[in-house]
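For the record, in the sequence shown the residue sitting at position 122 is 123 according to this note's numbering, with numbers rising by one throughout.
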Amino acid sequence: MNTLSLAACAVLAVFLIGQLVRRVIISRSGRNVTPENVKCIAPYPVQPIKGRERYRVMMDMRKLDMENWLTIDKYYMDEHRVRSKLLEKEKSKVLQCLPESYEGCMEMLEEVVEFLCRQFPNVFECRKHGNETTVYNRMTGETFVFGTDNDQIGPLEIAVRLTMEDLSVLMKNSDGEYYLAASASLFPVGWTVEERIGWTISKLHDPVPLWHQQVASSVSKFLGRLTPASPMERSNYFIEVRRPNEELLETLYRPNGLVEEGMDLSPRDIIIRRERQTFRRLPRSDTIAFGVKTFLTTLDELPLEELKNLEKEIKSWPDFVGEYKGKAVWGAKALEFCKERTKMLGCEKVEV
């Protein structure tokens, strides 16, 4: 390699390192996020697949990273367009609020607006005049007003038109059980809010294998003990398949389930769908703000270690769990890819 080529490689390396550092700096400070650079913002780091060799339903709670309760990343505008379309075309299916939830929904909106305007001041602008609040989203050009006697849009709808997260309000009923009192679940899996508004947390999880036997009691205790000073979060994942040329709306909005029969799948058609779930007790209304951020990763984008761990976990599932998760549709293809990719990358390391 001649001197000129070496110099060109050095310049390219410096440029690439600079771009990487810039992305890291931007991603770690919401105050640096602008409508112009949002496409450089990497998504909040997802929890990796752990590779458990024995299947068990687990809560896996951890302290909430409050600086990143709500997040913005390079997919914001793409997902915002999907959310706007769903609220226009399928509103009753994705957004429901019981009358008793209004105070909790309003407190949720106030928390959302205060957080976004503080953490992302170059994207969201907030003005207050008496009881009236105006919030302006510089990325979308939208303005929302609330706190008046004739609000045009409900508080929970405004909140989810601003965030990337789905948001719900959980309340306690007369039996001491928490239930879904209000929900804007635009990216559901196998259900709609229209069907399940008012259901208790226990009833919502009826279809989940072993949930009642292994975590129902712990979940009930956790929700009852949650305080404003102890916000928490957890993660989980599903596996879904998508059709060729499927639009983003169809991938994210899955009210009928994650899998379809009779598809010739490639690794890019198999998606690891992860959720970051957050739990905050709202002090004024004494309700629980429940948030869900959805992340999509195709099977061929998973790093080697996660592929190995995914293979371990799939193999650990009892047959009835595999049936619930749709393994019959994608299982053989996914395991074959995991095995081949592990072998191929292992050989590459040996050659190096």
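Beta carbons: idealized from backbone N, C-alpha and C, even for Gly.
It should be emphasised that the depicted structure is a prediction, and the values quoted were computed from it without experimental measurement.
Can you say whether residue i is buried or exposed, counting buried as having 16 or more other CB atoms within 10 angstroms of its CB?
i    : result
E133 : exposed
Q214 : exposed
I90  : In the sequence on display, residue 90 carries Lys and not Ile. Exposed, since its Cβ has fewer than 16 Cβ neighbours within 10 Å.
S184 : buried
R287 : The residue asked about is misnamed: residue 287 is Asp in this sequence, not Arg. It counts as exposed.
I154 : exposed
A290 : buried
K326 : buried
R53  : exposed
G142 : exposed
N174 : exposed
P189 : buried
R281 : buried
T279 : buried
K222 : exposed
A43  : exposed
A230 : exposed
K294 : buried
R243 : buried
S169 : buried
R78  : Sequence inspection shows Met at residue 78; the Arg mentioned does not correspond to that position. Its Cβ having fewer than 16 others within 10 Å, M78 is exposed.
R55  : exposed
K344 : exposed
G225 : exposed
In the DSSP assignment, what are the bridge partners of residue i?
i    : result
V315 : Per the sequence presented here, residue 315 reads as Ile, with Val not at that position. Looking at the DSSP assignment, I315 forms no beta bridge with any residue, so it has no partner.
S231 : Note: S231 sits in no beta bridge, so no partner.
A183 : C98, V170
G292 : L168, T279
T221 : Reading off the sequence shown, one finds Ser at residue 221, where the question assumed Thr. BP columns for S221 are empty, so no partner.
L297 : R274
S372 : The structure shown does not extend to residue 372, since the chain spans only 2 to 353, so no value can be given for it.
H213 : Beta-bridge pairing links H213 to no other residue.
T201 : Y180
E241 : I272
R255 : V190
Looking at residue j and residue i, is the spacing between their C-beta atoms short of 7 Å?
i    : j    : result
V95  : V194 : yes
V58  : V216 : yes
D167 : L187 : yes
M62  : R235 : yes
E307 : P49  : yes
G31  : F121 : yes
G258 : G191 : yes
L71  : P232 : no
K309 : L266 : no
L110 : I159 : yes
C106 : C118 : no
L250 : V83  : yes
W331 : I271 : yes
Contact defined as beta carbons within less than 8 Å: I believe residue i pairs with residue j. What is the distance between those atoms, to the nearest angstrom?
i    : j    : result
P268 : T299 : 7 Å
M172 : S102 : 6 Å
E241 : V260 : 7 Å
Y283 : E112 : Residue identity check: residue 283 is Leu in the sequence provided, not Tyr. Contact holds; Cβ gap of about 7 Å.
L163 : C98  : In fact, because the Cβ distance is near 17 Å, the residues do not count as touching under 8 Å.
L336 : E314 : About 11 Å; that fails the 8 Å criterion.
M140 : V39  : 7 Å
N138 : T35  : Their Cβ separation, rounded to whole angstroms, is 13 Å, which puts N138 and T35 out of contact at 8 Å.
L87  : Y254 : 6 Å
T228 : L297 : So it is not a contact: roughly 33 Å between Cβ atoms.
What do you reckon, is the C-beta of residue i under 6 Å from a heavy atom of the ligand GDP?
i    : result
D301 : This structure lacks the ligand GDP; in fact it carries no ligand of any kind.
Strictly under 7 Å for the Cβ-Cβ distance: is residue i near chain B by that measure?
i   : result
K40 : No chain B is present in this structure, which holds just one protein chain.
Taking only runs of the beta strand (DSSP E) that begin and end inside the stretch 59-100, which ones reach a length of at least 3 residues, in chain order? 96-98
Taking only runs of the alpha helix (DSSP H) that begin and end inside the stretch 109-163, which ones reach a length of at least 4 residues, in chain order? Taken in chain order, the unbroken stretches of alpha helix (DSSP H) that lie wholly in the stretch 109-163 and span 4 residues or more are 156-163.
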